[in-house]
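Below: one structure, written as structure tokens.
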Amino acid sequence: MLLLQLLLQGLQTGALYALTAAGFALIFGATRIFHFAHGTAFTLAGYVFLFGFTGGLPWWAAALCGIAVATLFGIAMERLVYRPIQRHEGSFFTVFVAAFGVAVVVQNLIGMLAGRGFASVDTELSRASEVLPEVFLAPVFWIAIGVAVALFAALSAFLTRHPAGVALRALAQNPDLIRTYGLSSNRLSVLAFALGSALAAPAAILTAMTSGLNEAIGHHAMLISIAATIVGGVGSLRGAALAGLMLGVAESLALAVVDTQWAEGVSFFVLFAFIIFRPSGIFGVVQTR
Amino acid sequence: MIAYLMNLATIVAIFGILAATLNFIIGFAGIFSVAHAVFFGLGAYAGAQVALLLVPDALLACLVGAAIAGGLSLCLALPALRVRGEYFVAASLGLQMMAATLFAEVKPLTGGIGGLVGIPRPTLLGVQIGVLPVAVAALALILFLTARLQRGAFGRTLQSIRDAESAAEALGKNVAAAKTLAVAFACAGAGIAGALFALHLSFVNVESFTMDQSVLVMAMVIIGGTGTLWGPIIGAVILLSLPAGLAFLPFIPATEVGAVQQIIYGLAMTLLMIFRPAGLVGDLSKGRSTA
Amino acid sequence: MFGPLIARRALLGTALAAPFIRPSFAQGSDPYVIGTLFPMSGPNAEYGKLFTDGVQLAIDHMRAENLLRRPVRVQSEDSQALPQQAVIGMTKLINVDRASWVLTGFTSVSKAVAPVADRARTITVNGGAVGPDLERLSPYFWNVIPLAHLETRAIFPFLIRRDLKRVALIYVDDPFGDAILQLMQREFPAAGGTVAGVFSIPRAQQNFGAVAARVRQARPDAVYIASFGAQQPQIIKGLRDNGVRQPLISYSGINIGSVLSLPEAEGLIFTSQKFDFSAGDALTRRFAADFRARHGADPAIYNTNYYNGTRLFALLAAELERENKPVNGDTLRETLLRIREFDLVGGKASFDEHGSMTAAIQINEIRGGRMTPIAG
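Chains as they are written, first to last, in the numbering used here: chain A, 361 to 649; chain B, 52 to 342; chain C, 51 to 426.
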């Protein structure tokens with residue numbers, strides 16, 4: 361029963377990882393920007409939700425505020441940080457350092473304004489009950505799975521049906537193509553940042569209800585996103601989501617055998633092995649760079 | 052006061068070595084490693100164990116640190132041979148996170164979070180010495196070697212790999228050997244810095260070798276100017292002293308000093324990248340910088 | 051994880067500021083410098099605030115009383131509760147600020163700075179960490195808090211009496227957690243209990259669902275939590291949310307606001323040194339009243355310990371001033387060993403030959419978000 365319990369818990373964690381990672385993968389695929397501050401959008405969304413909710417807003421309004429702030433943060437990063445750097449052909453490493461600086465700033469601002477340390481939303485939704493003998497599930501499990509499935513359905517509909525979505529996918533494969541056909545890749549890049557950052561918000565909100573937030577939580581979200589994007593195959597949203605889910609499950613199942621402190625090392629060992637032996641990831645196309 | 056200034060100079064020299072060696076693979080070979088602290092750590096643990104178990108000889112500690120870090124640099128060279136760009140960054144990230152786990156868990160060798168305490172003071176040929184002269188000598192040696200390598204045939208090979216890998220290969224350059232050698236040189240340098248760091252602080256633990264440290268060293272290189280000889284050193288001095296002035300601003304409440312320091316620090320990192328992306332030194336020597 | 055570690059560069063940097071500072075020599079009307087080496091940023095910053103509040107109140111009181119001839123200045127360095135930053139901050143406090151007295155906390159930090167304190171003969175006082183091996187680190191390293199072996203041992207008979215004989219231990223993977231683990235495995239069976247399972251967690255762990263599943267499988271009567279800082283409320287919530295219904299047990303480190311205000315922490319049992327703020331001597335009453343007036347809340351144990359840690363310096367230095375002796379590590383130590391017993395908040399406190407304070411332990415329960423003593 362322990363294994364079943366760990367599997368289910370892994371699915372819940374994995375669903376949240378999948379959402380965050382898909383956001384990162386969307387941005388990276390469409391803009392080739394290694395958005396190191398993706399975790400910051402996650403942190404911001406979580407804290408805005410937390411303050412909205414504890415401040416008396418209904419849950420949906422607080423959640424909308426969280427999503428809005430994450431989206432605005434993504435757009436601001438694109439406009440104010442990444443675009444000026446790319447205008448003078450900054451190497452991707454320059455971008456990485458700039459984004460890291462932003463992550464440090466926001467983390468400390470949150471620490472100063474919201475207080476340092478643990479913060480969580482108190483809700484009945486995270487309280488588990490015994491569904492099978494020895495297997496405990498909280499309502500938030502079903503919410504996490506449901507939200508992830510719904511958002512992925514919506515996202516894939518958007519990417520395949522809506523012209524802007526199709527353009528985003530095209531951008532991921534070949535930016536020159538878009539320019540030739542006259543679509544502004546600038547506006548698409550803003551769209552990618554808005555969508556990608558918004559995708560991190562639901563995971564952050566659910567995390568605020570379950571394991572709680574702290575001002576440094578964005579780093580974990582970001583590392584997992586990078587790992588999932590690479591393992592899943594750069595350019596493949598489906599790959600990133602699946603890899604995120606797998607990382608969550610693997611991290612949880614590993615605990616049946618080893619102590620918790622090895623879980624992270626195991627995740628990154630998987631990442632390292634993938635890069636050496638299958639750099640294109642699960643779904644990716646082999647790229648010569 | 053003198054002791055204190057020497058302490059500072061030693062820390063600057065040690066981070067200067069780290070920044071200079073990282074700059075060597077980033078600036079001259081285009082290998083963007085986020086795992087430099089791993090080799091710093093390997094050198095530090097090796098040096099600390101030599102001092103604890105054998106003799107606290109600075110030279111021996113440095114040599115062992117360099118040998119172990121340089122030997123294990125294959126872990127970094129392997130992905131560098133297979134992938135480039137973001138993939139390599141992610142691979143080095145994976146290496147960094149794995150190494151941090153190992154450093155924290157292989158307690159017989161590293162002491163875990165508790166670290167290795169009471170490392171004896173260094174000696175050279177039986178005479179007790181400070182770390183500073185050794186660190187400065189090592190830094191000078193590494194800068195000298197970097198300058199020589201950069202101008203020589205090996206440097207040109209590396210730069211051609213950085214600018215156009217397939218072209219370099221087509222011209223008959225042995226890309227694999229050149230990359231492996233460059234990585235080994237840089238990592239051995241980081242190992243020396245690590246051994247000196249262990250001897251200097253008389254204490255090492257995993258927290259000095261996390262990804263955060265790697266990013267700090269990387270930022271020194273980028274802010275100073277990649278691919279320049281002095282840029283990384285200047286970057287090290289600036290990044291080490293930038294928050295220092297802030298610590299003495301009286302209007303910051305004591306409880307917020309740490310946070311304010313970091314905010315200004317992070318802001319400076321971002322703004323520099325937006326407005327002077329070639330780094331501080333890179334601008335002065337046009338055409339040399341790659342950022 | 052590297053999130054909390056970002057400020058290392060800040061601290062390395064602080065070290066570079068030396069040229070801007072005039073070296074001060076402890077003479078005439080130069081202030082005594084009390085250095086504080088607390089986590090002021092990062093996940094343990096909550097403690098830094100608690101510690102600093104206690105120090106600040108003690109300084110204000112000693113100024114109001116004109117206890118010392120020379121003024122006192124507090125110099126704060128951010129340790130982030132991490133050893134390396136602490137060593138660098140400690141070096142600065144000793145060499146630049148010429149601190150006469152350094153206050154610190156956290157087991158790993160204390161173990162890292164103790165050799166530095168020893169070399170410089172600077173009295174360093176811990177009021178927060180409880181790792182049992184802090185007792186004999188150095189003649190110049192003292193504790194104004196009863197260490198964990200005193201606390202943890204005191205709860206063993208209580209657990210047996212309550213028929214909580216199978217205890218699972220969740221411990222943080224660092225020197226403090228290791229110390230509790232060893233103590234538990236060595237002494238709990240001797241007291242008549244069984245260690246039903248031990249589960250180590252890294253310091254940056256956030257999600258405890260899976261650990262909870264393993265704890266449930268171990269079928270303990272109670273769960274002992276040995277962690278500190280922001281992680282504690284997360285462990286409690288993670289266990290309670292995931293079907294661990296057994297009583298939770300812990301030590302004085304759990305007595306922080308973010309735990310007390312957590313609904314899931316209701317009923318948690320923990321040890322602490324004995325305090326009675328309502329009755330007692332004038333010093334204790336003034337401390338409690340002024341603290342409430344200033345912060346609008348009852349003082350926590352840590353506020354008290356660091357108040358005492360600061361107060362102890364004032365008492366020793368006042369004694370030395372009276373005798374016209376210089377105030378330094380050796381004279382402070384001599385005076386401590388000569389007097390041994392001091393009037394501190396919470397009553398008379400006595401120190402043993404290692405400079406560790408001994409105190410009676412009480413057992414508390416969290417009831418309605420407040421610490422309530424239930425057994426002495």
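Backbone N, C-alpha and C fix where the C-beta goes; we use that ideal spot for every residue, glycine too. On a predicted model such as this, the values are computed, not experimentally measured, just so you know.
Checklist entry - Quick one: is V311 (chain B) buried, meaning 16 or more other Cβ sit within 10 Å of its Cβ, or exposed? => result Counting other Cβ atoms within 10 Å of its Cβ, V311 (chain B) reaches 16 or more and is therefore classed as buried.
Next on the checklist: Please report the straight-line C-alpha distance between S627 (chain A) and P639 (chain A), rounded to a whole angstrom.
Outcome noted: 16 Å
Checklist entry - Roughly how many angstroms lie between the CA atoms of Q282 (chain C) and F337 (chain C), to the nearest whole one? => result 28 Å
Item to check | Interface positions of the segment 78 to 103 of chain B facing chain A (Cβ-Cβ less than 7 Å), listed along the chain | outcome: F83
Next on the checklist: Just to make sure I have the definition right: I need the residues of chain B whose C-beta is within less than 7 Å of the C-beta of I586 (chain A). Which are they?
Outcome noted: The contacting residues are A141 and L144.
Next on the checklist: Here's a check: name, in chain order, each residue in its chain whose Cβ is nearer than 8 Å to the Cβ of I286 (chain C), leaving out the five neighbours to either side.
Outcome noted: Closer than 8 Å at Cβ, skipping near neighbours: I275, L298, V309, L312, E314, A315 and L318.
Checklist entry - In three-state DSSP terms, what is G247 (chain C)? => result strand
Checklist entry - Candidates B:D263, B:L132 and B:L123: which alpha carbon is nearest I82 (chain B)'s? => result B:L132
Next on the checklist: What ranges does the beta strand (DSSP E) occupy inside the segment 248 to 333 of chain C, keeping only unbroken runs of at least 3 residues that lie completely in it?
Outcome noted: 272 to 276, 298 to 300 and 319 to 323
Next on the checklist: With a threshold of 7 Å between beta-carbons, can S259 (chain B) be considered close to chain C, or not?
Outcome noted: yes
Next on the checklist: Tell me which residues of the segment 140 to 164 of chain C have at least one Cβ-Cβ distance to chain B shorter than 7 Å, keeping chain order.
Outcome noted: T141, N145, V146, S158, K161 and A162
Next on the checklist: Please return the same chain residues whose Cβ sits closer than 8 Å to the Cβ of R264 (chain C), not counting the five positions on each side in sequence.
Outcome noted: Closer than 8 Å at Cβ, skipping near neighbours: G247 and F249.
Checklist entry - For A268 (chain C), which of C:S400, C:S300 and C:I220 has the nearest alpha-carbon? => result C:I220
Item to check | Span of the alpha helix (DSSP H) around N353 (chain C) | outcome: I351 to R372
Checklist entry - Would a C-beta distance cut-off of 7 Å place V194 (chain C) and G359 (chain C) closer than the cut-off? => result Closer than 7 Å, so yes.
Next on the checklist: Per DSSP, what are the beta-bridge partners of M262 (chain B) in this structure?
Outcome noted: DSSP, once it has assigned bridges, lists no residue as partnering M262 (chain B).
Checklist entry - Nearest CA to the CA of L362 (chain A): which residue from C:R372, C:N292 and C:L387? => result When C-alpha distances from L362 (chain A) are compared across C:R372, C:N292 and C:L387, the shortest belongs to C:N292.
Item to check | CA-to-CA distance, V491 (chain A) to P499 (chain A), given in whole angstroms | outcome: 11 Å
Next on the checklist: For Q296 (chain C) and D271 (chain C), which I take to be in contact (beta-carbon distance under 8 Å), what is that distance rounded to the nearest angstrom?
Outcome noted: 6 Å
Item to check | Length at least 4, wholly inside the segment 381 to 428 of chain A: the alpha helix (DSSP H) runs in chain order | outcome: 398 to 414
Item to check | Short CB-CB distance (under 7 Å) between A237 (chain B) and chain C | outcome: Judged by the 7 Å Cβ criterion, A237 (chain B) is not in contact with chain C.
Item to check | First through last residue of the beta strand (DSSP E) which encompasses R216 (chain C) | outcome: In the DSSP assignment, R216 (chain C) falls within the beta strand (DSSP E) that extends over R216 to V222.
Next on the checklist: Looking only at its chain, what residues have a beta carbon closer than 6 Å to the beta carbon of H87 (chain B), apart from the 5 residues adjacent to it on each side?
Outcome noted: Take H87 (chain B), set aside five residues on each side of it, and the residues of its chain with a beta-carbon closer than 6 Å to its own are L73, A241, S265 and V268, in chain order.
Checklist entry - Quick one: Cα of I212 (chain B) to Cα of V226 (chain B), how far? => result 7 Å
Item to check | Residue-level contact to chain C via CB, F496 (chain A), 7 Å cutoff | outcome: yes
Checklist entry - Could you give the C-beta distance for G592 (chain A) and G641 (chain A), rounded to a whole number, given that I count them as a contact under 8 Å? => result 5 Å
Checklist entry - Given T197 (chain B), which residues of its chain have a CB within under 7 Å of its CB, disregarding the five upstream and five downstream residues? => result A71, F75 and L280
Item to check | Coarse secondary structure for P207 (chain C), derived from DSSP in three states | outcome: In the displayed model, P207 (chain C) falls within a helix according to three-state DSSP.
Checklist entry - When DSSP labels each residue in this structure, what does Y190 (chain C) get in the three-state scheme? => result In the structure shown, Y190 (chain C) sits in coil (DSSP, three-state: anything other than H, G, I, E or B).
Item to check | Under 7 Å between C-beta atoms of G166 (chain B) and V272 (chain B) | outcome: Contact flag unset, no.
Next on the checklist: Comparing C-alpha positions only, which one of A:W419, A:A504 and A:E611 sits nearest to V261 (chain C)?
Outcome noted: A:E611
Next on the checklist: Please identify, using Cβ separations under 9 Å, the residues of the segment 260 to 272 of chain C that lie next to chain A, in order along the chain.
Outcome noted: A260, V261, A262, A263, R264, R266 and Q267
Item to check | S217 (chain B), buried or exposed, once every other Cβ within 10 Å from all chains shown has been counted against 16 | outcome: That one is exposed.
Checklist entry - chain C beta carbons: is any one of them nearer than 7 Å to that of G166 (chain B)? => result For G166 (chain B), the closest Cβ of chain C is nearer than 7 Å.
Checklist entry - Using a beta-carbon distance below 7 Å, is N305 (chain C) in contact with chain A? => result no
Checklist entry - Could you give the residue range of the alpha helix (DSSP H) that holds W502 (chain A)? => result Here the alpha helix (DSSP H) through W502 (chain A) covers P499 to R521.
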